[in-house]
Amino acid sequence: MISDLARNKRSSTALEIVLKKVSGLVVGIACSSVAGLHDASINALHGLASMDPDLIWLLVADVYYSVKKEGEVTPPPGSDFPELSRLLRPPQKDKYYLYVQYGGQSYGFGINLASVEKVFLKLHSLAFPDQLYL
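What follows is the structure, encoded as structure tokens:
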């Protein structure tokens with residue numbers, strides 16, 4: 001059904017907008033301190049990543065870098081991301097973070113750095129189950 005919607009030009013635009021909003025909301029829940037929804041939101045992110053992995057990884061990375069203070073930004077745990085400051089300048093205001101623009105912050109979920117790091121590790125293990133680091 002989703003593939004049928006994606007093929008139609010009018011439907012695909014609406015599907016893209018909805019996917020971004022839902023992804024922002026689910027990332028917001030996964031990265032919050034709401035422990036009861038953590039596993040379900042990780043599973044939802046894994047499913048959403050099967051449709052648009054770049055969007056999910058960018059949103060999670062955006063949350064991670066938005067909560068880290070200037071000078072203490074290190075690459076997320078268990079990933080091979082380059083240092084963000086080499087790629088992009090930091091946003092001038094919080095409202096310019098991708099996560100905020102896609103609605104993840106508008107539902108009142110407070111971000112918890114420990115939860116963000118758990119999301120990275122869990123998504124990484126789900127996306128790359130056979131990859132071993134020595």
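Taking the UniProt record's numbering, I'd label the letters of the sequence shown as residues 1 to 134.
The beta carbon of each residue, even a glycine, is placed where N, CA and C say it ideally should be.
Being a predicted model, the structure only gives us computed values, none of them experimental.
Thinking just about the alpha-carbon of each residue, which of the options is nearest to the one in residue i?
i: Cys31; options: Ser125, His46 and Gly110; result: Gly110
i: Met51; options: Val116, Ser12 and Lys118; result: Ser12
i: Asp62; options: Lys122, Val116, Leu123 and Ser125; result: Val116
i: Lys68; options: Asp39, Ala44 and Leu113; result: Leu113
i: Lys20; options: Lys118, Leu123 and Leu45; result: Leu45
i: His38; options: Ala49, Val26, Leu48 and Gly47; result: Val26
i: Lys118; options: Asp54, Gly47 and Ala35; result: Ala35
Under a three-way DSSP split, which group does residue i fall into?
i: Ser32; result: strand
Just to confirm before moving on: does the CB-CB distance between residue i and residue j stay below 8 Å?
i: Tyr64; j: Phe120; result: yes
i: Leu58; j: Gly24; result: no
i: Ile56; j: Ala49; result: yes
Relative to the ligand HEM, is the shortest distance from any of its heavy atoms to the C-beta of residue i smaller than 7 Å?
i: Leu19; result: The ligand HEM is absent from the structure shown, which contains no ligand whatsoever.
For this session: Enumerate, from N- to C-terminal direction, the unbroken alpha helix (DSSP H) stretches of 4 or more residues contained entirely within the segment 16-64.
Result: DSSP runs (the alpha helix (DSSP H)) wholly in the segment 16-64: 38-51.
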